[in-house]
Amino acid sequence: AMYSVKGNTIIVALVQRLQTADDPDLFPEKHSQGLELRKTALKDTLNQLEATGPESIPYLLPLACKYSWAGLFVPEILFAYKTDTAIRALIDISMFGFAYASGASLNFLEKLGATATPYIEEAFSKNKAFDPIKTGIVSVLGNIQSPDAYDLLLRLLEHKSSHIVNWAGDALGKFNNINALPAMIAANEKIGGEKMIDTAIQKLKDLQDF
Numbered sequence: 009a010m011y012s013v014k015g016n017t018i019i020v021a022l023v024q025r026l027q028t029a030d031d032p033d034l035f036p037e038k039h040s041q042g043l044e045l046r047k048t049a050l051k052d053t054l055n056q057l058e059a060t061g062p063e064s065i066p067y068l069l070p071l072a073c074k075y076s077w078a079g080l081f082v083p084e085i086l087f088a089y090k091t092d093t094a095i096r097a098l099i100d101i102s103m104f105g106f107a108y109a110s111g112a113s114l115n116f117l118e119k120l121g122a123t124a125t126p127y128i129e130e131a132f133s134k135n136k137a138f139d140p141i142k143t144g145i146v147s148v149l150g151n152i153q154s155p156d157a158y159d160l161l162l163r164l165l166e167h168k169s170s171h172i173v174n175w176a177g178d179a180l181g182k183f184n185n186i187n188a189l190p191a192m193i194a195a196n197e198k199i200g201g202e203k204m205i206d207t208a209i210q211k212l213k214d215l216q217d218f
């Protein structure tokens, strides 16, 4: 629904230039060295895409769903926009993008800090069938360390998916707040015990006894 009916020729040209990152004849290098060389060579293109603003998002998102070098740069461009649409796009990529783009999106969501929390909460209010693949953004909440993130994680302990409960418990453990123990223990008993939340509970119990 976001895709433009009339293509913006400037953005199309920039995206095509970004996709030259996938040309093995231009860039035979691999791994981290390959990424840095591509980033340096395409610096002007990346800067221009950032300057175009959120209008570029519909043209960029398809790249992040394919296993490609070009797709690796999409999360960083979206992070530069910092708009509602861009933050939601980072969440979408974290769920549906290929592994490296997904990981980069989670990293940039963490960098947004407390700003990202309402969008993560929103993600759990929609398309609930996809909740089992939202564990990455649950983990992000544990690294944001904001009061709102803490409160949301407590609510996620009541989620119907034991998978989400397990990850929420793990994320809560990172807050080192022993007040979360009763809710975590109750949630763990409800799901029959899971390794991640078990470990988090033990960590908080150790802090309580210290």
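Per this note's numbering, numbering of the sequence shown is gapless, rising by one per residue and ending at 218.
All C-beta atoms in this analysis are idealised placements derived from N, C-alpha and C, irrespective of residue type, glycine included.
Please determine, among F106, A29, A157 and I152, the residue with the shortest C-alpha to C-alpha distance to Y75.
F106
Please confirm whether P140 and H167 have their CB atoms less than 7 Å apart.
no
To the nearest angstrom, report how far apart K5 and I95 are at their CA atoms.
Outside the displayed range of the chain (9 to 218) lies residue 5, so it cannot be described from this structure.
So what's Y75 in DSSP terms, helix, strand or just coil?
If DSSP states are grouped into helix, strand and coil, Y75 belongs with coil.
With 16 other CB atoms within 10 Å as the buried threshold, where does N185 fall?
Exposed: under 16 other Cβ atoms inside 10 Å.
Check for me: the alpha helix (DSSP H) holding S133 runs from which residue to which?
T125 to S133
Within 7 Å, strictly: CB atoms of G144 and S102
Going by C-beta atoms, G144 is nearer than 7 Å to S102.
What did DSSP end up calling T91 once you bin it into helix, strand or coil?
Assignment of T91 by DSSP, reduced to helix, strand and coil, places it in the coil class.
Are G177 and I152 close, meaning C-beta to C-beta below 7 Å?
no
Same chain only: Cβ atoms within 7 Å of A109, ignoring 5 sequence neighbours per side
So the list reads A72, G79, L80, V82, P83 and I101, once near-sequence residues are dropped.
Length-filtered (4 minimum) alpha helix (DSSP H) runs lying within the stretch 125-184
125-133, 143-152, 155-164 and 170-181
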